[in-house]
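These notes concern the structure reproduced below.
This is how it looks when you write it as C-alpha cells:
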C-alpha cells in the first residue's frame, strides 16, 4: 500500500487483499478506479503484469467492486458468426471498440449445422438455447430437427476455466423462438422465459414445425417449468422484457404461424403483424393490435430494450440487416 492511511481506506476497494501497490506512485483508491475501468477485452492479458494485478482483475471480485465504486455499466455485445461449436462467438465493447473471443460450444460428433438458436444474458452469465440442427444418427439423413439443449458461460470465471457448461434441456425442443431474461433481486435468482418457436432450419426456409408452448427456467433450482401457452402457434418471433413501474411484461412480436399455398402447391408463411403480452405477475396473455401496416415488413430482426429505469420510458431497438431501428 502507498501509506498506512490509504491502506485503511482502500481495504474495501482492493479485492487482492495484498500489501502491494497496484500502480506505483498512486494511492490504491485511485489505482483501483483506473484498473476497474479497463475494458473486459483487455483484462485477461493485463493480469500477467503482476501478482497484485492478477488478483485485482479477477472477474468475480472486480464486478462487485465496480458496483461499489458506482462506475457506469459497460454494455457488451455478443456476436455469433455461425454455429458456435465451429466458430467462436465474440464479445464487443462499443465504448472501447475492442473485441474478445469466447470459447466454442462443446462439439458433438453427431450434431452439426446449428442455426436459429437464441443467445441471452442474465447477470454475468451468457446462455445459448435451442436452435435447429442436423443429426447424423437420424433417418432420413439431411432432415433438420429442433434442439432442446441449453448451455451457460460464466463470464466471471478465470480465463483458464472459461468454458460452456451444459444445463438441463428445455422441456420442448425449439428454435426461432421468443426469449427474454428476467433479473432477480440483490440475492440472485431470476430466470429465462421462452415462447413459441419451431424446427425450421436456415437451409430450409419454407419448412419446419410451429409451436405455442412457453417455458420458464429458474436459475436457483436449475429446472424448466411449463407456463401459460401463447394464444396461437407462433415461430420466428422475437421477445423482450419491458418494465412499467412495478409491472413487468414479456412481449412477443411478429413471427409466423399459419401458412398458405401459392398456386396450390408451394407453401408460404403468413407473417403476423401483431404482438401478445404476458403479465409476469398475472401470468395471463393479452393481445395487442397490429404493430405495422400491410407491406411495411414481414420479418423482425433481433430486438433489445435499453433503459426504462427510474420511471423513464425504455428505448426499444431492432437490428434490420445493417440498420438499427428505434
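In full-length UniProt numbering, the protein residues as written are 1 to 326.
Where a beta carbon is used, it is the ideal one built from N, C-alpha and C, also for glycine.
In this text the structure is predicted, and so the values were computed from the model without any measurement.
Near residue i, what residues of its chain come up, given a Cβ to Cβ distance below 8 Å and the 5 sequence neighbours on each side ignored?
| i | result |
| --- | --- |
| residue 4 | Per-residue confidence for residue 4 stands at a pLDDT of 34, beneath the threshold of 50, marking its modelled position as unreliable; no derived number is given. |
| residue 231 | 212, 276, 285, 287 |
| residue 168 | 150, 222, 223, 224 |
| residue 270 | 256, 257, 258, 259, 260 |
| residue 138 | 145 |
Apart from the five residues just before and just after residue i, which ones in its own chain have a Cβ nearer than 6 Å to its Cβ?
| i | result |
| --- | --- |
| residue 318 | 301, 303, 325 |
| residue 57 | 43, 47 |
| residue 54 | 47 |
| residue 129 | 118, 150 |
| residue 255 | 234, 235, 236, 237, 272 |
| residue 60 | 156 |
| residue 11 | No answer about residue 11 holds up, because its pLDDT of 43 lies below 50 and its placement is not dependable. |
| residue 327 | Since the displayed the chain opens at 1 and closes at 326, residue 327 lies outside it and no answer follows. |
| residue 240 | 180, 251, 303, 305 |
Starting from residue i, follow its DSSP beta bridges and name the residues at the other end.
| i | result |
| --- | --- |
| residue 250 | 241, 278 |
| residue 211 | In DSSP, residue 211 forms no bridge with anything. |
| residue 151 | 128, 166 |
| residue 101 | 90 |
| residue 133 | 145 |
| residue 175 | 198 |
| residue 78 | 91 |
| residue 181 | 192 |
| residue 223 | 218 |
| residue 285 | 278 |
| residue 33 | Answer by DSSP bridge pairing: none, since residue 33 is not bridged. |
| residue 304 | 317 |
| residue 120 | 127 |
| residue 111 | 135 |
Apply the 10 Å Cβ neighbour rule to residue i and answer buried if 16 or more other Cβ atoms are within range, or exposed otherwise.
| i | result |
| --- | --- |
| residue 35 | buried |
| residue 143 | exposed |
| residue 16 | Note on residue 16: pLDDT 46, under 50, position unreliable in the model; no value is reported. |
| residue 107 | exposed |
| residue 207 | exposed |
| residue 84 | buried |
| residue 247 | exposed |
| residue 45 | exposed |
| residue 132 | buried |
| residue 323 | exposed |
| residue 329 | Because the chain here runs from 1 to 326, residue 329 falls outside it and cannot be looked at. |
| residue 75 | exposed |
| residue 220 | exposed |
| residue 268 | exposed |
| residue 109 | exposed |
| residue 173 | buried |
| residue 194 | buried |
| residue 6 | The pLDDT assigned to residue 6 is 36, lower than 50, so where the model puts this residue is not dependable, and the model offers no usable value. |
| residue 251 | buried |
| residue 86 | exposed |
| residue 197 | buried |
| residue 127 | buried |
| residue 170 | buried |
If you drop the 5 nearest sequence neighbours on each side, which residues of the same chain put their C-beta closer than 7 Å to that of residue i?
| i | result |
| --- | --- |
| residue 98 | 39, 41, 42 |
| residue 88 | 101, 102, 103, 104 |
| residue 9 | In this predicted model, residue 9 has a pLDDT of only 41, less than 50, meaning its place in the structure is not dependable; the value taken from the coordinates is given anyway. Result list for residue 9: 29, in chain order. |
| residue 229 | 212, 213, 214 |
| residue 31 | 22, 23 |
| residue 191 | 182, 216, 217, 218, 219 |
- Message: I'd like to know if the stretch 167-180 and the stretch 72-81 are in contact, where contact means that at least 3 CB-CB pairs between them fall below 8 Å.
- Response: no
- Task: Pair every Cβ in the stretch 159-177 with every Cβ in the stretch 101-119, then say whether three or more of these pairs are closer than 8 Å.
- Result: yes
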